[in-house]
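Residue numbers (this note's numbering): 1388 to 1586.
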């Protein structure tokens, strides 16, 4: 285990953290989309309500103009004119103002959610790039590990060939070559005086 590439566990840990963070960002982005859709639908309903109220106000204004004309005619005749329509118009204007304020508030929240959604999308894209990089590092480390393991297996096969060469004359050449390679590796790794004693 100590011969494995030292960066492999760290790369694997970074990959797991990146994948988990990406999952959280995707969930957050989906939540923003749901909220944005809900606020857009609410804003659309508010706009329709404001439009209906504006239509009613136009009707009230038209009715008021007609009543004013009747009031002028009745005032000439000395008869009073009832005022309930004026009261309905005032109530409709108050309600229209309230709904317009609510619509403006929804539009502001809608813009804020859209900005947050854009930020989450940018973060998700950047994280995807990081995941691709970490995945590439992970694959490279795996490849290096496999190459080292293959080299270890070849060395073991050479060592086994040396032992077999003592019993089988047909493997003598390979055994001699394997033994020479092992001695060369020991010469490189052992102290100088130990090598001289072995001679």
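C-beta atoms are modelled at their ideal positions from N, C-alpha and C, and glycine is treated no differently.
Proximity winner among the options, relative to residue i (alpha-carbon distances)
| i | options | result |
| --- | --- | --- |
| residue 1406 | 1538, 1536 and 1520 | 1520 |
| residue 1419 | 1505, 1483 and 1428 | 1505 |
| residue 1417 | 1500, 1534 and 1546 | 1500 |
| residue 1439 | 1412, 1448 and 1483 | 1483 |
| residue 1414 | 1436, 1425 and 1508 | 1508 |
| residue 1587 | 1539, 1541 and 1435 | Past the edges of the chain, shown from 1388 to 1586, lies residue 1587, and the structure says nothing about it. |
Neighbourhood of residue i by C-beta, 6 Å cutoff - its chain only, sequence neighbours within 5 removed
| i | result |
| --- | --- |
| residue 1404 | none |
Beta-carbon contacts of residue i that lie in its chain and below 7 Å, excluding the five residues immediately before and after
| i | result |
| --- | --- |
| residue 1488 | none |
| residue 1514 | 1405, 1408, 1409 and 1412 |
Own chain, CB closer than 8 Å to residue i, minus 5 neighbours either side, in chain order
| i | result |
| --- | --- |
| residue 1556 | Low per-residue confidence applies at residue 1556: pLDDT is 47, beneath 50, and the placement is therefore not dependable, though the value from the model is reported in the following sentence. Result list for residue 1556: empty, nothing under 8 Å. |
| residue 1510 | 1412 |
| residue 1423 | 1497, 1500, 1501 and 1504 |
Problem set entry | Three or more C-beta pairs below 8 Å linking the region 1484-1500 and the region 1421-1436 | yes
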